Structure formats: C-alpha cells, structure tokens
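Mapped onto the numbering used here, the consecutive letters of the sequence shown carry residue numbers 2 to 300.
Beta carbons: idealized from backbone N, C-alpha and C, even for Gly.
Note that the coordinates shown come from a computational prediction; the quantities given were computed from them, not determined experimentally.
The block underneath contains the structure these notes are about, expressed in structure tokens.
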Amino acid sequence: MILISLIMAVAPAVLVLLYYYRQDKAKPEPKGLVTKIFFLGFASIIPAIIIELILDQVAGVISFLPLIYYLIKSFIVAGFVEENLKLFVVKQFAYKDSHFDEVMDGIVYAVVASMGFACFENVLYVSGGGWSIALLRAFTAVPLHAVASGIMGFYIGKAKFAGTDSEELKLISKGMMIAVLIHGAYDFFLFSMPVLGDAVGLLVIPIIIGSFLFLRKKIKLAIAEDIREGRTTEEYSLRQLMPLPGAVQDFSKMSRTELYRHLEMERMHKQMFGSTPAKPFKDEFDQEIERGEDYQEIT
Numbered sequence: 002m003i004l005i006s007l008i009m010a011v012a013p014a015v016l017v018l019l020y021y022y023r024q025d026k027a028k029p030e031p032k033g034l035v036t037k038i039f040f041l042g043f044a045s046i047i048p049a050i051i052i053e054l055i056l057d058q059v060a061g062v063i064s065f066l067p068l069i070y071y072l073i074k075s076f077i078v079a080g081f082v083e084e085n086l087k088l089f090v091v092k093q094f095a096y097k098d099s100h101f102d103e104v105m106d107g108i109v110y111a112v113v114a115s116m117g118f119a120c121f122e123n124v125l126y127v128s129g130g131g132w133s134i135a136l137l138r139a140f141t142a143v144p145l146h147a148v149a150s151g152i153m154g155f156y157i158g159k160a161k162f163a164g165t166d167s168e169e170l171k172l173i174s175k176g177m178m179i180a181v182l183i184h185g186a187y188d189f190f191l192f193s194m195p196v197l198g199d200a201v202g203l204l205v206i207p208i209i210i211g212s213f214l215f216l217r218k219k220i221k222l223a224i225a226e227d228i229r230e231g232r233t234t235e236e237y238s239l240r241q242l243m244p245l246p247g248a249v250q251d252f253s254k255m256s257r258t259e260l261y262r263h264l265e266m267e268r269m270h271k272q273m274f275g276s277t278p279a280k281p282f283k284d285e286f287d288q289e290i291e292r293g294e295d296y297q298e299i300t
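Right, here's the structure in full:
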C-alpha cells in the first residue's frame with residue numbers, strides 16, 4: 002500500500018512534466034539539464050517549508066479575521082514564496098545556459114521546476130493522507146503548479162530576449178505576479194472552505210481549466226515567436242508552416258491569422274529555396290484581399 006501511494010504521489014508530476022516537455026518539439030531541452038532542474042525544484046520545498054512556517058506565524062499574529070489570515074496564507078505564504086523559489090531555480094540554473102535559446106524553453110524549465118516541487122509536496126501529503134489524497138491532488142494541485150509556473154515561464158522566456166534590463170525585469174515580474182495570483186486564488190478557495198463553505202472549493206476547477214487554456218495559448222505564441230525570430234531549426238519551421246504536398250487549402254474557412262501564417266510559409270519557402278525575394282506577408286495578404294481574389298487553390 003505504501004508503494005502504491007508513493008507511485009501515485011510521483012506519477013502525476015512526471016506525466017505532467019513529460020506532457021509539457023514534449024511541447025518543445027523544435028529543439029528539445031537536454032535531459033541532463035531537465036533532470037537537474039527537476040531535482041532542484043524538488044529540493045526547493047525545504048526552504049519553502051522553513052520560510053512558510055515563519056510567515057504563517059506572522060500571518061496568524063497580524064490577522065484579526067480568519068479571511069484575512071487565509072488571504073495572507075494563500076497569496077504570500079504559499080503563492081509568493083513557492084513561485085519565487087521556482088523562479089529562483091530557473092533563473093540561477095537554466096536561464097543563462099546555452100540551451101535556453103527559445104521562448105518555449107522558459108515554459109519547459111518553469112514547469113519542470115514546478116513538477117519537482119509538486120512531487121515532493123505530494124509525497125508529504127500522501128504520507129499523511131494515503132492514496133485518496135494522491136488521487137485528488139493528481140487532478141488539482143499538480144496541474145495547478147504546472148500551469149501557474151508554466152505561464153510564468155512564458156514571460157521568463159520572453160525576458161531572455163528582451164532588449165533592455167528594464168524590459169527583462171518587467172516581463173519576469175509580470176510572469177511572477179500572474180503565477181502568484183493563480184496559485185493564491187487556488188489556495189484561498191481551499192483554505193477558506195471552513196468559513197465560506199465547502200462549495201467555494203469547487204471554484205478551483207475553473208481556475209485550473211482557465212489557466213490550462215491560457216497556458217496553451219501562450220505555448221502557441223511562444224512557438225510562433227521562436228519560428229518568426231529564427232530560433233528553431235529551418236526543418237522544424239517549414240514543417241510547422243507548410244501544409245502537406247497536394248493538400249487543398251480552403252482559404253475561405255481560414256481566419257485572418259491562419260491566412261497570415263500561410264503567406265509567411267510562402268515567404269520562408271521563397272527565401273530558403275532561392276525564388277524571388279518575398280514581400281512582407283501581411284502586406285501581400287492585404288493586397289490580395291483588396292483584389293478580391295478567390296482563396297481556393299492547391300499548393
């Protein structure tokens with residue numbers, strides 16, 4: 002039974018880690034560095050416990066209402082401390098590494114650090130609550146750690162390529178703030194159940210789902226930027242942008258963004274295979290729209 006509980010504590014974090022690791026298909030991060038960040042995230046729970054025990058005592062002293070205590074405990078004691086420790090791991094041990102060369106890498110390393118943290122946290126919870134706690138956390142706390150830190154990772158990745166130090170700091174601060182808000186809101190709804198009622202705990206579900214969808218959007222943006230800025234391999238860029246040979250492209254059913262994407266593919270193809278220099282794809286598309294051309298063709 003102990004072995005089963007331990008597996009259930011570790012497996013969700015590993016599965017979530019693998020899911021996000023495989024999103025980086027252009028240039029997957031080296032497994033050695035990923036493993037290092039995972040175990041550093043794992044170890045970061047030790048200072049987290051110490052800091053949170055101290056801050057929790059302070060929160061108990063200064064709080065004159067239970068809800069005030071839960072707010073401080075959720076957003077500062079848990080959210081701020083834990084997300085900053087994950088940020089510290091990524092910044093100190095991955096950010097300056099030569100393999101950190103895409104915006105997408107920020108998402109990967111932040112998720113990896115968070116899954117190391119969540120793995121240790123799961124082991125602690127499961128040791129006291131058994132497999133039922135492990136099962137509950139597999140669908141709540143583990144994905145919450147991943148999406149909150151993953152969103153922060155998007156901004157860490159953007160910051161790596163910022164033009165100025167102030168812009169870099171601004172992006173990292175923004176990512177950290179969003180992660181703390183997501184993490185804090187999740188914890189607050191759970192901590193405040195004794196005061197606000199058990200039903201308030203159900204609000205964590207839309208938080209997790211909404212954050213997952215938001216992170217998925219950020220992943221698409223990260224990949225698009227990495228392709229646009231030439232950070233991915235040429236082969237991967239073409240594979241992402243080019244349709245299968247002979248595929249029918251029904252432009253009437255495409256969004257404006259998808260049409261831009263298709264024309265960007267054509268521009269890249271011209272540049273890489275020696276045709277005439279391509280015009281900016283947005284201008285080309287706008288001109289074709291004005292001409293009212295038929296968007297049904299075979300590529």
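query                                                                                                                 : result
As assigned by DSSP and simplified to three states, the class of G198                                                 : coil
C-alpha distance - N85 paired with F39, whole-angstrom precision                                                      : 15 Å
Cβ pair G80, D188 closer than 9 Å                                                                                     : yes
Beta-carbon gap between V148 and L203 smaller than 9 Å                                                                : no
The region 86-95 / the region 106-113 touching (three or more Cβ pairs under 8 Å)                                     : yes
C-beta atoms of I157 and L145 nearer than 9 Å                                                                         : no
Through-space distance from M153 to E226, alpha-carbon basis                                                          : 17 Å
Contacting residues, own chain, Cβ-Cβ under 6 Å from T233 (five flanking each side not counted)                       : A27, D227
Other residues of its chain near L72: CB distance less than 7 Å, five sequence neighbours each side excluded          : F189
Distance, T141 Cα to F155 Cα                                                                                          : 21 Å
Alpha-carbon spacing of M194 relative to A200, whole angstroms                                                        : 7 Å
Three-state secondary structure (DSSP) of K26                                                                         : coil
Segment contact flag, the region 42-49 with the region 172-181, C-beta cutoff 8 Å, min 3 pairs                        : no
Nearest candidate by alpha-carbon position, reference C120, set G129, G231, P13                                       : P13
Neighbourhood of V196 by C-beta distance below 7 Å, restricted to the same chain and skipping five residues each side : P67, L68
K74 beta carbon less than 9 Å from that of A60                                                                        : yes
C-alpha gap between V35 and H100, whole angstroms                                                                     : 11 Å
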